[in-house]
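Okay, so here's the structure we're looking at.
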Amino acid sequence: MHLVVYGKESLDKTQILVENKFLKIRNIDRCCPSFPGQPCTSEHLQILVKAVPIKQGHKLNIIWPITPSIRHYKEGPSRYLSHLIGHEGEGSVFFVLKTLGWATSLSAGEADWNFDFSFFHVFIDLTDAGHEHVEDIVALLFKYIRLLQQSGACKWIFDELAAICETAFHYQDKISPLGYVVNVALNMQLYPPKDWLVRSSLPSKFNPDLIQSVLNELTPNHVRIFWDSTKFEGNTNMTEPWYGTAYSVERISDSMIQQWIETAPNENLHLPAPNVFIPTDLSLKNVLEKAKFPLLLRKSSYSRLWYKPDKTFSTPKAYVKIDFNCPYAGNSPEAEVLVDIFTRLLMDYLNEYAYYAEVAGLYYWISDTDNGFQVTVVGYNHKLKILLETVVEKIAKFEVKADRFSVIKEMVTKEYQNFKFQQPFKQAMTFLECYVAGNIEPNEAESMIEHIEDVFYKGPQPISLALFPSQHFTNRVVKLERGLSYLYPAEGLNPNDENSAILHYIQVHQDDFMLNVRLQLFALIAKQPAFHQLRSVEQLGYITSLKRRNDSGIHGLQFIIQSTVKVYKIDLFIAKALSPPLKHFLELDRVLNILI
C-alpha cells in the first residue's frame, strides 16, 4: 500500500495524524502479481475483427502488442512514435487521409500497459468514403511505419519533445488536491522515489536502438485490426456474450497486407518540419500595476479591448478571446446553422498549421456564439502573437472548398439534415469584443488588436464593415414568473433507450455579490443530501447532479437526472430532496441575520 496525504498542516502534525489513522494497518508483504509474456498468441494476431456498434459511424483501431515502455520511461520510445504516427501536420498519415476525405481524426499511442506487456494503438475515425478504403488506409499506415524504420530515430525530434515536456512540466496548471494525491500514490507503485512527482513526464535519454526495437514490433504479422461500422449489421457470424455485440473475425496474412501496400495511393508521406512554436522566452513581463478587474484599454468603431495583466500566478502564459459579433448570425435557425458549419470548416482549414502550436502547448479554438463566432488562443505567450495573427489572416482569406464541406457536413448529418451548401459570410458587418489576460504587456495587447483591425477593416479591399450603433446586441434572458412552472417536453432520439432525462432549472436572481454567495452556500448545503436522497434512497439512477448555473448574469440552480423512472415522478422527488437542505439553509440565514 502507498499513502499520500495533502494538507495545510506542518509535516510534524501531518505525521501524527497519519500515524493515528493508519498505523494499525498491517503490512503483510504481499507483492504485486506478475504475468510475464504477451497475452496474445498467434491465433490472436493477424486478425481483422468487424463489429456492429450502437452509434452511427465507422471507426478503425489498429493494435500491436509491444514491449512496455514503463521500464524505459526516461527514453520514452512509445512517446516518440506516438508523436510521429499521430502527427497531423503536412506529410503525416492523418494529413493524407484528410486530404483524400477518408478520415476526420487520428490518434496514436501506448495503452493498456503494465510491466509485463503493452499495446500500441492507432485510432482512426472514418468518413463514409474512408469506410470503403480501409485496406488503403492500413497500407498507408504501414508505409509510414516503413518510412520511420528507414529514416531511423532522429535526435532533433527527440530534443523537441524533451523541450516541450520540460516546459509543460514546470509550468503545468495546478492540479486539484484529490487528483494530485491519487496520481502520486499511483506513481509510488511504478517509479523509484526520485521520480514519484516527475514520473514519465521528462524524457531525457535519447536511445535510437530502443525506439527502433519498438518500431520493429509494429509489423504486419503482429497486427490486430478492429473495424466498427453499422454497415456490418447482418453480415457477422458471432455474438459477444456480455453486451451482445455482433462481430466476425477474419484472418489476414503478410501477403495480403503487402498487396494492400502495393496498390495503395502513392502519397507524399514525410517527417514533420521543425516546430517553430516551441517557446524559448519564458520570462515574466514587467507589469507594474495589479488590476482587480479587466481594464478597457482601447476602443474604436471596430473593436473594444479589455486587458488584465497577471500578477497572481506568475506563469509565462496568456489568454486571448475575441468575439466576432455579427448582427445577422442569430437572425434565424438557418443563420445559426451556417455559423456553426463555418466555425467547423475554419478549424478544419487551420488544422495543419495550428497543430504544431498545439504540440508546443499553444492552443486555439473557434466556436459559434449567439451573436457570431469566437476565437480563443491560450498558452505560452512567447509565440502567441504569431499564432493569433496568422489565424486571423487565414480566416480573412478563407474560402469554402466543396470537398471539405462534404466531409464536415457528413460529421454533423444527424444534426443538420439536408443542409444546402452556402458561403456563411460575405462582406459581413462585425464588431470585435477582445479580452487579453496573462503575461502580456499593454502595448502587445494593443498591437494584436490593431493587426486584426488592419486585416478585416482597413485593407485595400476590406472584408468586413463596422457595425452601426443600433446593431450592438446584449444577451438577454427570459424572466420566469414567480410561482409559475414551465414544462418543455422533448421526445428521446433513441427509441431503444429506456432512460428518460430531466433538466430541472430554478431561476433565482440577477447578478449580486451577496446573493451569489448565498446561492453558492445553499448549493453546497444541498448537494450531498440531495444526491443521497435521489440516487441512494430513491435509486433514480447513476447520473444525478446539482449545480449552480449562470446565464448572462442570471443565476440559478439546475438538477440533471437520468432514470428509467417517469419524468413527472422525478420532479416530485426533486422537490422532496430540496426540502430538508432548504429548511437548514433558512435557519442558517436567520442566525446570520441576527448576528449581523
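If you count the sequence shown from 1, you need to add 8 to reach the numbering used here. We put the beta carbon where it would ideally sit given N, CA and C, even for glycine.
At the level of alpha carbons, what is the spacing between residue i and residue j?
i, j, result
"Asp144", "Gly138", "9 angstroms"
"Ala404", "Pro61", "41 angstroms"
"Ser100", "Lys316", "39 angstroms"
"Lys202", "Ser208", "12 angstroms"
"Ser291", "Glu407", "38 angstroms"
"Phe301", "Trp314", "10 angstroms"
"Gly117", "Asn379", "39 angstroms"
"Val383", "Asn389", "16 angstroms"
"Val104", "Ile183", "37 angstroms"
"Leu492", "Val573", "24 angstroms"
"Ala343", "Ile460", "24 angstroms"
"His129", "Pro47", "16 angstroms"
"Lys329", "Pro185", "29 angstroms"
"Phe102", "Ala410", "20 angstroms"
"Gln435", "Gln267", "With a pLDDT of 33 at Gln435, under the threshold of 50, the predicted position of this residue should be treated as unreliable, and no value is reported."
"Pro432", "Asp262", "In this predicted model, Pro432 has a pLDDT of only 30, less than 50, meaning its place in the structure is not dependable enough to derive any value."
"His517", "Phe567", "17 angstroms"
"Thr288", "Gly387", "13 angstroms"
"Thr22", "His10", "16 angstroms"
"Leu607", "Val13", "The chain is shown from 9 up to 604; residue 607 falls before or after that span and cannot be answered."
"Ser560", "Arg484", "7 angstroms"
"Leu594", "Phe530", "9 angstroms"
"Glu174", "Glu168", "10 angstroms"
"Leu395", "Leu488", "43 angstroms"
"Gly15", "Asp181", "19 angstroms"
"Thr320", "Tyr188", "21 angstroms"
"Arg412", "Asp133", "15 angstroms"
"Arg526", "Pro537", "18 angstroms"
"Asp37", "Phe125", "24 angstroms"
"Leu156", "Lys535", "53 angstroms"
"Trp235", "His80", "31 angstroms"
Pull up the DSSP beta-bridge partners for residue i, would you.
i, result
"Phe131", "Asn69, Ser115"
"Pro317", "Gly446"
"Arg306", "Leu313"
"Tyr255", "Ala59, Met246"
"Trp235", "Lys58, Leu68"
"Phe332", "Phe381, Leu440"
"Arg556", "Leu565"
"Lys325", "Tyr388"
"Ser571", "Ser508"
"Tyr494", "DSSP lists no partner for Tyr494."
"Ser126", "Ile74"
"Gln46", "Partner(s): none; Gln46 has no beta bridge."
9 angstroms is my cut-off, CB to CB: does residue i come that close to chain D?
i, result
"Val231", "Absent from the structure is chain D; it holds one protein chain and no more."
Might you give, ordered along the chain, the residues of its own chain that have their beta carbon closer than 7 angstroms to the beta carbon of residue i, omitting 5 neighbours on each side?
i, result
"Lys393", "Glu452, Met456"
"Thr135", "Gly109, Trp110, Ala111, Thr112, Val415, Glu418"
"Ile172", "Ile286, Val367, Ala368, Gly369"
"Pro200", "none"
"Glu423", "Residue placement at Glu423 is poorly supported in this model, since its pLDDT is 43, which falls under 50; the coordinates are not used for a value here."
"Asp578", "Note on residue identity: the sequence assigns Ile, not Asp, to residue 578. Contacts found: Ile510, Leu548, Ile569, Ser571."
"Leu304", "Arg312, Trp314"
Can you name, in chain order, every residue of its own chain whose Cβ lies under 6 angstroms from the Cβ of residue i, other than the five neighbours on each side?
i, result
"Pro85", "Ser77, Leu218, Ile219, Val222"
"Ser541", "Checking the displayed sequence, the identity of residue 541 turns out to be Gln instead of Ser. Taken in chain order, the residues that qualify are Ala585."
"Glu499", "none"
"Ile260", "Gln54, Leu56"
"Arg306", "Leu313, Glu454"
"Asp376", "Val347, Asp348, Thr351"
"Trp605", "Nothing can be reported for residue 605: it is not among the residues displayed for the chain, which extend from 9 to 604."
"Leu523", "His517"
"Glu458", "none"
Once you ignore the five residues that flank residue i on each side, which residues in its own chain have a CB closer than 8 angstroms to its CB?
i, result
"Asn122", "Phe43, Pro76, Ile78"
"Ser607", "This structure does not reach residue 607, given that the chain is present from 9 up to 604, and the question cannot be answered."
"Phe177", "Val206, Ser209, Leu210"
"Trp72", "Phe127, Phe128, Glu225, Leu226, Thr227, His230, Val231, Arg232"
"Ile533", "Pro589, His592, Phe593, Leu596"
Taking the runs of the alpha helix (DSSP H) that are 4 residues or longer, which of them lie wholly in the segment 335 to 412?
341 to 367, 392 to 405
Check whether the segment 349 to 361 touches the segment 147 to 156, counting contact only when three or more Cβ pairs, one atom from each stretch, lie closer than 8 angstroms.
no
Would you call the segment 187 to 195 in contact with the segment 240 to 248, where contact means no fewer than 3 C-beta pairs closer than 8 angstroms?
no
Decide if the segment 154 to 166 is in contact with the segment 274 to 283; the criterion is three or more beta carbon pairs, one per stretch, under 8 angstroms apart.
yes
Counting pairs of Cβ atoms below 8 angstroms between the segment 461 to 469 and the segment 356 to 365, do you hit three or more?
no
May I ask you to verify whether the segment 226 to 243 touches the segment 14 to 29, counting CB pairs closer than 8 angstroms and requiring at least 3?
no
Taking contact to mean at least 3 C-beta pairs separated by less than 8 angstroms, is the segment 222 to 232 in contact with the segment 52 to 71?
yes
Within the chosen definition, does the segment 271 to 280 reach the segment 86 to 97 through at least 3 CB pairs nearer than 8 angstroms?
yes
Note down, one range per segment and in chain order, each alpha helix (DSSP H) of at least 4 residues found wholly within the segment 145 to 217.
163 to 178, 185 to 198
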